Every structure is written in C-alpha cells, then in structure tokens.
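Chemist: Right, I'll just put the structure down here and ask away after.
Chains as they are written, first to last, in the numbering used here: chain S, 194 to 308; chain Z, 17 to 130.
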C-alpha cells in the first residue's frame, strides 16, 4: 500500500540553524500539507500546497518557514533560523482529490529538537 | 472558531472490555469528522470518517463512531479492545472547502491492561 514517507525521523539542531524536513507524498497525490505537534499539545496545521503554490497557511507559518516541491516526488519544509519553540513533531500529509471528503494520508513524522 | 476537544488525555482499558473515546467539536456548519490513530513510530492512520448520511460510521479494526449533532459529539467506540489497540487517538474536523486543513484535538492515549 502506498504511503507517505518522511526523513529524517529525528533531527537535532542548534538554535539559529536552518533545517530542511523532507517528505515524499503518495505518488499520484496533488495536495500536500505540513502539520506540527509540540509535545503535549494539539496537532496544528501549518501549510497546504497545491499546483506549486501555497493554497492556505496558518498564523504559525511565518517568514521563517517555506515549502517547496523541488522535483516530482519530494515536498520539503524549511525553517530558516530555528528557535527553541520550533521543537516539535512535524507531519507531512498528502491527498489525491480536492474534495474535503477525501482522506489525508500522513507520514510517520520528523521529530525536530532545537537546542 | 472551529475547535475539537478530546476531554480524556489518557484512558486505560482492560483487554476485552469496551471502549469509548470522547470527541466534541465546535463548528459553524455540518462538519466533516475524522478519527485517526497513531501507533508509536507510525504516522496518523485514518480509522473512519463522517460526511453525511447514517450517523453511525463503521471503520477499520472494528471501530465505529456516532455523530450526534445535538451534542456536537463524535465519540469513537469499540466493543472489545485488543492489546494492539494501545495507541494515541486523534479526532479531527474538516471544512467543506476543497483542500482545506484538518483541525485536531489534543489526542487521547489508550493503554490496554491484561
């Protein structure tokens, strides 16, 4: 069964450093998402991406964040200058159809630790 | 504003006993509702979803959920829990617009005792 994959599974970085989290969505999917979950808190939406542009973003997704689909398979989240409060589990998700009834498939997550 | 509340942070159930995980939502219109499960080291897996029609929805792994509009609830149930059901369970609500994001609750951690 096709699945969303994410690398790395765990990333440790120093405050102020740039990190890139990588995701490979399911191959024929068109909608891509990033969510994050700070320890003990809710899973929060960051950004959605369709047709090579951001379609929706939350207030969390400020200028420090960017997303890119550099090729036909990868979908990346970049944090330019990490802060301690960026420490969280980051989930990538993808969806094949535009309908809200269609299922978002999630990856296993990348745990980001900022020291 | 849209929101999802899962009142129980952690629940322990004996193997073979029944299970009910609570979910309450706040949404201006008829919501799309989802339950996801996350096992350690795994991604979020969809258990079931509700869009319209029959308010009792069947999902995978023997789970079901009932949409109750009057109570703004979408509780997840299973008649007999197995040790492999130990995981974290998330309720989520989605809007009707195409491609929009899901809003999640904080999750409920289920432990199963033998």
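A virtual CB, placed ideally from N, CA and C, is assigned to each residue, including glycine. No experiment lies behind these values; they were computed from the predicted model shown.
Name the chain S residues that come within less than 9 Å of residue 62 of chain Z, Cβ to Cβ?
Modeler: 296, 297, 298, 299
Chemist: Using CA atoms only, rank isn't needed, just tell me which of Z:122, Z:129, Z:103 is closest to residue 58 of chain Z.
Modeler: Z:103
Chemist: Compile a chain-ordered list of the residues in the stretch 92 to 123 of chain Z whose CB is closer than 9 Å to at least one CB of chain S.
Modeler: 106, 108, 110, 111, 112, 113, 114, 115, 116, 117, 118, 119, 120, 121, 122, 123
Chemist: Please name the residue, chosen from Z:125, Z:130, Z:129, that lies closest to residue 38 of chain Z on a Cα-to-Cα basis.
Modeler: Z:125
Chemist: Buried or exposed for residue 232 of chain S, please, with buried defined as at least 16 other CB atoms from any protein chain shown within 10 angstroms of its CB.
Modeler: exposed
Chemist: Do the CB positions of residue 251 of chain S and residue 239 of chain S come within less than 8 Å of each other?
Modeler: yes
Chemist: Using 10 angstroms around the beta-carbon of residue 54 of chain Z, count the other beta-carbons present and answer buried if the total reaches 16, otherwise exposed.
Modeler: buried
Chemist: Are the CB atoms of residue 52 of chain Z and residue 133 of chain Z within a distance shorter than 8 Å?
Modeler: Since the first residue shown for chain Z is 17 and the last is 130, residue 133 of chain Z is missing from the structure and cannot be characterised.
Chemist: By DSSP's criteria, residue 219 of chain S is part of a beta bridge. Which residues make up the other side?
Modeler: Residue 219 of chain S pairs with nothing; no bridge assigned.
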